[in-house]
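2 protein chains.
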Amino acid sequence: MALGKDYATQQCSIARALEVVGERWTLLVVRDAFYGVRRYSDFLSHLGIPRAVLATRLQALTEAGVLVRRRYQESPPRDEYVLTGSGRALWPTVRSLGLWGREHLPGTLPMRIFVHAACGTELGAFGQCPACWTGVDPEDVEMRPGPGLDPDPADPVSRALLVPRRLLQPLETDRV
Amino acid sequence: MALGKDYATQQCSIARALEVVGERWTLLVVRDAFYGVRRYSDFLSHLGIPRAVLATRLQALTEAGVLVRRRYQESPPRDEYVLTGSGRALWPTVRSLGLWGREHLPGTLPMRIFVHAACGTELGAFGQCPACWTGVDPEDVEMRPGPGLDPDPADPVSRALLVPRRLLQPLETDRV
DNA sequence: TCCACTGGGTTCGATGAATGAACCGACCAT
DNA sequence: ATGGTCGGTTCATTCATCGAACCCAGTGGA
Numbered sequence: 001m002a003l004g005k006d007y008a009t010q011q012c013s014i015a016r017a018l019e020v021v022g023e024r025w026t027l028l029v030v031r032d033a034f035y036g037v038r039r040y041s042d043f044l045s046h047l048g049i050p051r052a053v054l055a056t057r058l059q060a061l062t063e064a065g066v067l068v069r070r071r072y073q074e075s076p077p078r079d080e081y082v083l084t085g086s087g088r089a090l091w092p093t094v095r096s097l098g099l100w101g102r103e104h105l106p107g108t109l110p111m112r113i114f115v116h117a118a119c120g121t122e123l124g125a126f127g128q129c130p131a132c133w134t135g136v137d138p139e140d141v142e143m144r145p146g147p148g149l150d151p152d153p154a155d156p157v158s159r160a161l162l163v164p165r166r167l168l169q170p171l172e173t174d175r176v
Numbered sequence: 001m002a003l004g005k006d007y008a009t010q011q012c013s014i015a016r017a018l019e020v021v022g023e024r025w026t027l028l029v030v031r032d033a034f035y036g037v038r039r040y041s042d043f044l045s046h047l048g049i050p051r052a053v054l055a056t057r058l059q060a061l062t063e064a065g066v067l068v069r070r071r072y073q074e075s076p077p078r079d080e081y082v083l084t085g086s087g088r089a090l091w092p093t094v095r096s097l098g099l100w101g102r103e104h105l106p107g108t109l110p111m112r113i114f115v116h117a118a119c120g121t122e123l124g125a126f127g128q129c130p131a132c133w134t135g136v137d138p139e140d141v142e143m144r145p146g147p148g149l150d151p152d153p154a155d156p157v158s159r160a161l162l163v164p165r166r167l168l169q170p171l172e173t174d175r176v
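Protein sequence lines, in the order shown, are assigned to chains P and V.
Residue 88 in UniProt numbering sits at position 88 of the first sequence, and the numbers go up by one each step.
Residue 89 in UniProt numbering sits at position 89 of the second sequence, and the numbers go up by one each step.
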């Protein structure tokens with residue numbers, strides 16, 4: 001979308017939200033951030049996004065307060081992009097989009113299954129744990145590989161995501 | 001987004017969902033459809049979308065099975081675009097985006113408040129009723145004007161949306 | 001010292017979409 | 001016949017995206 005200047009007449013909060021996260025690639029960057037991706041090169045290899053677009057999106061999301069950029073090592077200086085509280089609040093959006101795609105688009109095998117880490121029950125349609133009778137924050141969600149997942153992907157990020165993991169837990173690709 | 005040809009490597013259901021509803025304007029069209037907008041000219045005046053883009057989006061959403069186009073009068077022949085079951089299943093996505101925008105973007109007064117018609121409780125982020133602990137179909141959602149709503153809008157669609165209404169209830173603008 | 005390599009970008013030309021205005025055709029109403 | 005409405009399509013211009021190439025600081029090896 002045109003950055004911050006369009007949907008001009010729309011003061012509706014849906015339109016305002018789409019100004020921030022409605023551009024091409026943006027929600028996939030956020031999705032990857034939930035999966036634990038934090039580094040420029042990891043987003044790049046996992047998404048197949050053009051470098052220039054990724055740089056633009058990371059900057060826009062940072063300015064919007066969805067991500068924070070922070071230094072995780074000096075010498076050489078390296079920054080990582082991490083979801084803020086506001087970014088983590090996008091979990092219902094990401095979850096409901098994924099659920100819709102799985103249920104309403106033809107030929108979609110579930111790639112990943114999201115369960116309540118405390119009890120192992122798959123999340124319900126409104127992000128709740130049907131067994132514990134409670135809402136579940138993304139920190140308490142465990143992501144497990146589903147039947148649609150490629151068992152031997154090419155890029156290191158997808159390989160690191162083959163095992164069950166907590167959402168938001170930082171991804172270790174080559175840093176061992 | 002590039003229509004149907006990109007995000008090519010992403011078989012993830014989130015990416016597939018974004019192929020369908022991730023383009024500019026698309027989710028706003030869907031939002032308006034939940035509000036009861038059905039006719040080309042009503043989408044046009046309410047959204048301020050370029051005519052060519054609206055035609056493209058309505059066609060794409062129809063091909064994707066999110067909307068159906070159906071004739072509501074002969075002579076002159078007039079068609080309307082209505083959400084299908086698959087389209088109505090996008091309600092949690094639309095709801096969560098709106099709530100996120102309201103809660104996490106600065107200076108947003110709620111324009112509309114969505115409550116479970118049966119009990120009057122405001123909906124949660126997934127479109128569920130926190131009091132009844134159940135999912136709420138959009139048919140059972142009542143939309144009420146909020147404090148951020150312009151009390152005297154210019155276009156007839158916005159005026160028709162000033163009173164409390166059920167979602168999906170067809171909008172009467174000039175057909176009286 | 002020189003060299004290659006890595007991470008995280010920026011720059012560039014070509015392609016493709018969005019925009020807004022104008023046009024069009026079917027169908028009324030007078 | 002004239003004018004108006006509805007639901008589009010066509011057009012030229014502007015803007016975003018794409019993919020490849022380039023850049024630069026730091027680091028590690030010979």
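For every residue, glycine included, the Cβ atom is placed at its ideal position computed from N, Cα and C.
For residue i, the residue or residues it bridges with in DSSP
i	result
V:Cys12	Answer is none; V:Cys12 lacks a bridge partner.
V:Met111	Note: V:Met111 sits in no beta bridge, so no partner.
V:His116	V:Val141
V:Thr134	V:Cys129
V:Glu122	V:Val115
V:Pro166	Residue identity differs from the one stated: residue 166 of chain V is Arg in this sequence, not Pro. Beta-bridge pairing links V:Arg166 to V:Glu142.
Burial state of residue i (16 or more Cβ within 10 Å)
i	result
V:Leu109	exposed
V:Ala52	exposed
V:Val163	exposed
V:Arg25	The sequence given here has Trp at residue 25 of chain V, not Arg. By the 10 Å Cβ count, V:Trp25 comes out buried.
P:Gly120	exposed
P:Trp133	exposed
V:Ala154	exposed
P:Glu19	buried
V:Asp42	buried
P:Arg70	exposed
P:Ala2	Legend: pLDDT at P:Ala2 = 42, less than 50; position of this residue unreliable, value from coordinates given subsequently. Answer is exposed; the Cβ neighbour count stays below 16.
Neighbour flag for residue i against chain P, beta carbons, 9 Å
i	result
V:Ala117	no
V:Arg159	no
V:Arg24	yes
V:Gln73	no
V:Phe126	yes
V:Glu172	no
V:Cys132	no
residue 241 of chain V	In this structure chain V extends from 1 to 176, so residue 241 of chain V is not present and cannot be described.
V:Thr56	no
V:Gly36	no
V:Thr62	no
V:Gln11	yes
V:Leu28	yes
V:Val21	yes
V:Arg78	no
V:Thr121	no
V:Ala52	no
V:Val176	Summary for V:Val176: the model assigns pLDDT 39, below 50, so the residue's position carries little reliability; its value from the coordinates is reported in the next sentence. Output row for V:Val176: interface = no.
V:Arg70	no
Residue-level contact to chain V via CB, residue i, 9 Å cutoff
i	result
P:Gln59	no
P:Met111	yes
P:Leu83	no
P:Ser41	no
P:Val94	yes
P:Pro145	no
P:Arg165	no
residue 205 of chain P	This structure cannot speak to residue 205 of chain P, because chain P is shown only from 1 to 176.
P:Leu18	yes
P:Leu67	no
P:Leu162	no
P:Leu168	no
P:Glu139	no
P:Ala33	no
P:Glu103	yes
Check: Would the region 10-21 of chain P and the region 40-59 of chain P be scored as touching if the rule is three or more Cβ pairs under 8 Å?
Finding: no
Check: Are the region 62-77 of chain P and the region 69-77 of chain V touching, with three or more C-beta to C-beta distances below 8 Å?
Finding: no
Note to self: Does the structure place the region 102-116 of chain P close enough to the region 85-94 of chain P that three or more beta carbon pairs sit under 8 Å?
What the structure shows: no
Note to self: If we require 4 or more residues per run, which alpha helix (DSSP H) segments fall completely within the UniProt domain "HTH hxlR-type" (12-109) of chain V?
What the structure shows: 13-21, 26-35, 40-47, 51-63, 85-88 and 91-104
Note to self: Under 8 Å, with one C-beta from each stretch per pair, do the region 123-131 of chain P and the region 122-130 of chain V reach the 3-pair mark?
What the structure shows: yes
Next item on the list: Report yes or no: do the region 30-48 of chain V and the region 150-168 of chain V share at least 3 C-beta pairs separated by less than 8 Å?
Entry: yes
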